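Trainee:
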Amino acid sequence: MKKLFATLVFPLILFAGAAQAQDVMEVVKKANHTSYYQGNDGRAMVDMEILDDQGRSRSRQFVILRRDDEEADTGQKFYVYFNKPADVKKMAFMVWKNVDRDDDRWLYLPALDLVKRIAASDERTSFVGSHFFYEDVSGRGIEEDTHELVEETDELYKIKSVPKDTGKVEFAYYVNWIHKATFLPIKTEYYDENGRNYRTYTALKVEMVDGHPTVTASQMSDNVSGGKTTMSYSEVKYDVDLPEDIFTERYLRKAPRKYLK
Amino acid sequence: MKKSAVLMTAGLACWMGMGIASAQEIKLPEGLMGLGTGDKEEESKKEKKSAGLPFDLTGFIEGRIGVRTQSDDHEKSASIGETRLQLDMEKQVDMFTFNLTTDFLLDPVVDDYGVDLESGKGLIDLREANVTFSPLDFMDVKLGRQILTWGTGDLIFINDLFPKDWNSFFIGRDDEYLKAPSDALKAAFFSDSFNLDVVYTPRFDNDRYIDGHRISFFDRGLNDLRGRENVVTADLPDDWFSDDELALRLYRSFGAFETALYYYNGYWKSPGGQNMMTGAVTFPKLQVFGASVRGPVAKGIANMEAGYYKSASGSGSNPLVRNSEFRFLAGYEQEIATELTASVQYYLERKLDYDAYVASLPPGAIVDDENRHLITLRLTKLLKQQTMTVSLFNFWSPSDKDGYLRFNVSYKITDSLEVEGGGNVFYGAENYSFFGQFQDNSNIYAGLRYNF
Chain A
1 MKKLFATLVF PLILFAGAAQ AQDVMEVVKK ANHTSYYQGN DGRAMVDMEI LDDQGRSRSR
61 QFVILRRDDE EADTGQKFYV YFNKPADVKK MAFMVWKNVD RDDDRWLYLP ALDLVKRIAA
121 SDERTSFVGS HFFYEDVSGR GIEEDTHELV EETDELYKIK SVPKDTGKVE FAYYVNWIHK
181 ATFLPIKTEY YDENGRNYRT YTALKVEMVD GHPTVTASQM SDNVSGGKTT MSYSEVKYDV
241 DLPEDIFTER YLRKAPRKYL K
Chain B
262 MKKSAVLMTA GLACWMGMGI ASAQEIKLPE GLMGLGTGDK EEESKKEKKS AGLPFDLTGF
322 IEGRIGVRTQ SDDHEKSASI GETRLQLDME KQVDMFTFNL TTDFLLDPVV DDYGVDLESG
382 KGLIDLREAN VTFSPLDFMD VKLGRQILTW GTGDLIFIND LFPKDWNSFF IGRDDEYLKA
442 PSDALKAAFF SDSFNLDVVY TPRFDNDRYI DGHRISFFDR GLNDLRGREN VVTADLPDDW
502 FSDDELALRL YRSFGAFETA LYYYNGYWKS PGGQNMMTGA VTFPKLQVFG ASVRGPVAKG
562 IANMEAGYYK SASGSGSNPL VRNSEFRFLA GYEQEIATEL TASVQYYLER KLDYDAYVAS
622 LPPGAIVDDE NRHLITLRLT KLLKQQTMTV SLFNFWSPSD KDGYLRFNVS YKITDSLEVE
682 GGGNVFYGAE NYSFFGQFQD NSNIYAGLRY NF
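From first to last, the protein sequence lines are chains A and B.
Heads up, the first sequence is in the working numbering, so the first residue is 1 and it goes up one at a time.
Heads up, the second sequence is in the working numbering, so the first residue is 262 and it goes up one at a time.
(1) Whose C-beta lies closer than 6 Å to the C-beta of A/Val209 among residues of the same chain, with five residues either side of it excluded?
(2) Between A/Ser121 and chain B, is the shortest Cβ-Cβ distance under 9 Å, so that the two count as touching?
(3) Are B/Arg469 and B/Lys425 touching if we call contact CB-CB under 9 Å?
(4) Between the segment 540-573 of chain B and chain A, which residues of the former have a C-beta closer than 7 Å to a C-beta of the latter?
(5) How big is the Cα-Cα spacing for A/Glu49 and A/Trp177?
(6) Under the rule that 16 or more other beta-carbon atoms within 10 Å means buried, what is A/Lys168, buried or exposed?
(7) B/Glu596 touches chain A at which residues, Cβ-Cβ below 7 Å?
(8) Does any residue of chain A bring its CB to less than 9 Å from the CB of B/Glu290?
(9) Shorter than 9 Å from the beta carbon of B/Ala441 to some beta carbon of chain A?
(10) Rounded to whole angstroms, what is the Cα-Cα separation between A/Glu170 and A/Pro243?
(11) Which residue from A/Tyr173, A/Leu65, A/Ala86 puts its Cα closest to that of A/Tyr238?
(12) B/Phe316: which of B/Ser652, B/Glu343, B/Gln353, B/Asp377 sits nearest, CA to CA?
(13) B/Ile476 and B/Asn428: beta carbons closer than 9 Å?
(14) Do we get a CB-CB distance below 9 Å when we pair B/Ala517 with the residues of chain A?
(15) What residues from the segment 164-183 of chain A come within 8 Å of chain B, judged by C-beta to C-beta, listed N to C?
(16) I'd like to know whether the C-beta of B/Lys306 is nearer than 9 Å to at least one C-beta of chain A.
(17) State the DSSP-derived secondary structure class of B/Lys645, mapped to helix, strand or coil.
(18) Measuring alpha carbon to alpha carbon, tell me which residue in A/Leu260, A/Ile186, A/Glu249, A/Ser225 is nearest A/Arg56.
(19) Determine whether the beta carbon atoms of B/Arg588 and B/Tyr608 lie at a separation below 9 Å.
(20) Within the segment 128-199 of chain A, note down every full alpha helix (DSSP H) run reaching 4 residues or more, in order along the chain.
(21) Please name the residue or residues paired with B/Val392 in a DSSP beta bridge.
(22) Considering just the uninterrupted stretch of the alpha helix (DSSP H) at A/Ala119, what are its terminal residues?
(23) Mark A/Asn194 as exposed unless 16 or more other C-beta atoms lie within 10 angstroms of its C-beta, in which case mark it buried.
(24) Assess contact between the segment 517-535 of chain B and the segment 388-400 of chain B, defined as three or more Cβ pairs (one per stretch) separated by less than 8 Å. Is contact present?
(25) For B/Leu367 and B/Thr393, which I take to be in contact (beta-carbon distance under 8 Å), what is that distance rounded to the nearest angstrom?
(26) Using the three-state DSSP reduction, which class does B/Leu609 fall into: helix, strand or coil?
(27) DSSP state of B/Ile287, grouped into three classes?
(28) Where does the unbroken alpha helix (DSSP H) through B/Trp411 begin, and where does it stop?
(29) Starting from the beta carbon of B/Thr599, find every residue of chain A whose beta carbon is closer than 8 Å, and list them in chain order.
(30) Residues of chain A with CB closer than 7 Å to the CB of B/Glu437, please, in chain order.
(31) Which chain B residues sit within Cβ distance under 7 Å of A/Asp52?
(32) Whose Cβ in chain B lies nearer than 8 Å to the Cβ of A/Gly75?
(33) Taking C-alpha atoms, which residue in A/Leu114, A/Phe132, A/Ile186 lies nearest to A/Lys228?
(34) For my contact list, B/Glu610 and B/Thr602 are in at a C-beta cut-off of 8 Å; report their separation, rounded to the angstrom.
(35) List the residues of chain B that A/Ser59 touches, going by C-beta distances under 8 Å, in chain order.
(36) Among the candidates A/Asp145, A/Tyr108, A/Leu184, A/His147, whose CA atom is the shortest distance from the CA of B/Thr410?
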């Protein structure tokens, strides 16, 4: 009897464990897709407000164009065109996101007519001076962390992710709440080695755009300094059929106005 | 006792719980409740145009002052003292985009207010006045006064033979003023296999070179320094359509590597010779053939560029015309710490008819080395949420035993208001070498700019 119990139950437990691990990866994949890969391409106008620790406000306004590579949920190309503030107006920034190596980045400075190649290996540095990191804007590779489902409610998955290479990142782990119906991450908390939540992402507003649930307002706060950045997206569109050559030197030097309006 | 222990544990759990919120406590964002009932109509935001103007207007106003850190017998002690207003207007009409960028400046250091659009001296410096359009799917055109840049070097130019303003660069104007405008037609052609840029300048556009007005320099003919008391006169090739320039760039990428071939047919952009009769500087004929490659290597970006400078015929043995040269550059840039980028470059300038050059010099003349080696180091650090930039750029020539250090600290007080300070320090063992001759011009400066 005892033996029977062991043979029957043990494999079941193991199986359940394996099934859950798979579910977590499924959830993470879907969340990654919903956050960064909906549609084949897309565009959005972004209004960014950066509040520093002393409450001083700065703002950025830019248009983001995004186009996915052929293979699903892998490489992407981004084109960012600045409208505000005045000193960066007409500047363009281009990223080719690579899965197998560091991203390629270019910056176009109109006053010098200069196309500059940017050496930036650290993805976890500020995106245009905001509290968002490059990686928050373009996505973090899902294979870079191990994921564990720690809680599940009717509405949410709570997933804890631990980096495989701790030397490359500033966090010890992060916790993500993913909305079950849409697979949108609605809150992310980053923890340091001392278990302190020093950085929090919050989705503030979600809208259905072209059939895709889309975060149209979000916030990143630095819980240590008290500074935070809010991003509001407007005029969001998916499947605009952006030609691939938009993401080349030609259009860095000559902004693709048709797609920026 | 037992009860208080339970309470304490509960309290502790509660206190710790503030760190990791439970899923039940998570508030859903606006819009997630009842989602899926259909697409929400997007609020159409009206275009936010600058009110009342029929064109798009941006610009800035700035004040900038600078002083020499030592006395210079040939120049004023002020190196710069100017108020500048830049107006940048843009207007789109159908497929055409018109650009007009004009600087209005008041500059008492060079007390000459007569407007000269070529040299940028006087009250107006016209930076851009052009129209851009795409007559064909695979062709872009920019016609008129424009700023042009290509090549891979960082403040070192081999195949970029578009005009530079060395005075602005050396006295601490914003980096954008290193580039002087060209009056040109640029046609860019694109195809799947390669792209071609053709720039035609119908009348030679020279550099805004060091002529003594602002910066003193060593004159080898005089064997002495000279400055504003004895400024340079020039014999400029200035006939429309005959004293013209042609610059070509054929380029394409191989994966993440950008490669290019270059050709230039024109004149030395800064004085490359002298008229023996008048003493005026000259701009001899010059052809340049070059190539470059740039791409990711290890954790950074590497670049290489080379150029063969074919000077006017007979230049080898003519001391009054600059020798033909081979120029080479190799550079590497990498982020070495958070928001800290370092880059190094090695640059070689080699005289190609060296023996003939040496033989042609009069007795007692200064003899340049066959090879001029130059090493540069740039460090850039961003601070305070990228509102502060600290940068340092050093040129050092082991062959000339001279160098040039540029440093700058800028801080954005608000999105529109920016303050900066910096310096240009020249040093060298001799007073006639490339950077050594400018030692008396070492300066520090400060500026305040309001962008609108």
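For every residue, glycine included, the Cβ atom is placed at its ideal position computed from N, Cα and C.
The structure presented is a predicted model; accordingly, all values stated were derived computationally and were not measured.
Mentor: On the basis of the data shown:
(1) As a position in the first sequence, residue 209 of chain A is number 209, starting the count at 1. These residues qualify, in order along the chain: Val236.
(2) Position 121 of the first sequence, counted from the first residue, corresponds to residue 121 of chain A. At least one chain B Cβ lies under 9 Å of A/Ser121.
(3) On the second sequence, position 208 is the one that residue 469 of chain B refers to. On the second sequence, position 164 is the one that residue 425 of chain B refers to. Yes, the Cβ-Cβ distance between B/Arg469 and B/Lys425 is below 9 Å.
(4) Arg555, Pro557, Lys560, Gly561, Ile562
(5) For the purposes of this step, residue 49 of chain A is taken as the residue at position 49 of the first sequence. For the purposes of this step, residue 177 of chain A is taken as the residue at position 177 of the first sequence. Looking at the two C-alpha atoms, the distance is approximately 24 Å.
(6) As a first step, residue 168 of chain A must be located in the first sequence, where it is residue number 168. Burial call: exposed.
(7) Position 335 of the second sequence holds residue 596 of chain B. Here the neighbours are Ala119, Ala120, Ser121, Asp122.
(8) Residue 290 of chain B sits at position 29 when you count from the first residue of the second sequence. For clarity, residue 290 of chain B is Pro in the given sequence; the question names Glu instead. Taking Cβ atoms only, chain A reaches closer than 9 Å to B/Pro290, which makes this a yes.
(9) Position 180 of the second sequence, counted from the first residue, corresponds to residue 441 of chain B. Judged by the 9 Å Cβ criterion, B/Ala441 is not in contact with chain A.
(10) Stepping through the first sequence from its first residue, residue 170 of chain A is reached at position 170. Stepping through the first sequence from its first residue, residue 243 of chain A is reached at position 243. C-alpha separation (whole angstroms): 37 Å.
(11) Locating residue 238 of chain A in the first sequence gives position 238, counting from the first residue. Of A/Tyr173, A/Leu65, A/Ala86, the residue nearest in Cα terms is A/Leu65.
(12) As a first step, residue 316 of chain B must be located in the second sequence, where it is residue number 55. Among B/Ser652, B/Glu343, B/Gln353, B/Asp377, the Cα nearest to that of B/Phe316 is on B/Gln353.
(13) Numbered from its first residue, the second sequence carries residue 476 of chain B at position 215. Numbered from its first residue, the second sequence carries residue 428 of chain B at position 167. Yes; because the gap between Cβ atoms is below 9 Å, this pair is in contact.
(14) Taking the first residue of the second sequence as position 1, residue 517 of chain B is located at position 256. Yes, contact with chain A.
(15) Val175, Trp177, His179, Ala181, Thr182
(16) Within the second sequence, the letter at position 45 stands for residue 306 of chain B. Note that B/Lys306 scores a pLDDT of 44, beneath 50, so its modelled location is shaky; the value from the coordinates is reported in the next line. Interface residue, yes.
(17) Residue mapping note: residue 645 of chain B aligns to position 384 of the second sequence, counting from 1. B/Lys645 falls in the coil class under three-state DSSP.
(18) As a first step, residue 56 of chain A is located in the first sequence; it is residue number 56 there, counting from the start. When each option's Cα is compared against that of A/Arg56, the closest is A/Ser225.
(19) Within the second sequence, numbered from 1, the residue matching residue 588 of chain B stands at position 327. Within the second sequence, numbered from 1, the residue matching residue 608 of chain B stands at position 347. Contact: yes.
(20) 134-138
(21) The sequence position of residue 392 of chain B within the second sequence is 131, counting from 1. Per DSSP, B/Phe359, B/Leu404.
(22) By one-based count along the first sequence, residue 119 of chain A stands at place 119. That residue, A/Ala119, is in no alpha helix (DSSP H); it is neither H nor E in DSSP.
(23) For the purposes of this step, residue 194 of chain A is taken as the residue at position 194 of the first sequence. Exposed, by the Cβ-count rule.
(24) no
(25) For the purposes of this step, residue 367 of chain B is identified with residue 106 of the second sequence, where counting begins at 1. For the purposes of this step, residue 393 of chain B is identified with residue 132 of the second sequence, where counting begins at 1. B/Leu367 to B/Thr393, Cβ: 31 Å. No contact.
(26) Taking the second sequence and counting its residues from 1, the one referred to as residue 609 of chain B is at position 348. In this structure, B/Leu609 counts as strand in the three-state DSSP scheme.
(27) For the purposes of this step, residue 287 of chain B is identified with residue 26 of the second sequence, where counting begins at 1. Coil, per DSSP.
(28) Here the question's residue 411 of chain B lines up with position 150 in the second sequence. Here B/Trp411 belongs to no alpha helix (DSSP H), and DSSP marks it neither H nor E.
(29) Locating residue 599 of chain B in the second sequence gives position 338, counting from the first residue. Chain A residues near B/Thr599: Asp122, Thr125.
(30) Position 176 of the second sequence, counted from the first residue, corresponds to residue 437 of chain B. Correct list: Ala111, Leu112.
(31) For the purposes of this step, residue 52 of chain A is identified with residue 52 of the first sequence, where counting begins at 1. The contacting residues are Gln646.
(32) Counting from 1 along the first sequence, the entry for residue 75 of chain A is found at position 75. Under the 8 Å cutoff, chain B gives no residues; its nearest Cβ is about 12 Å from A/Gly75.
(33) Translated into the one-based positions of the first sequence, residue 228 of chain A becomes position 228. Ranking A/Leu114, A/Phe132, A/Ile186 by Cα distance to A/Lys228 puts A/Phe132 first.
(34) Here the question's residue 610 of chain B lines up with position 349 in the second sequence. Here the question's residue 602 of chain B lines up with position 341 in the second sequence. 26 Å between Cβ atoms; not a contact.
(35) Indexing the first sequence from 1 puts residue 59 of chain A at position 59. In chain order: Asp676.
(36) Position 149 of the second sequence holds residue 410 of chain B. Nearest of A/Asp145, A/Tyr108, A/Leu184, A/His147 to B/Thr410, Cα basis: A/Tyr108.
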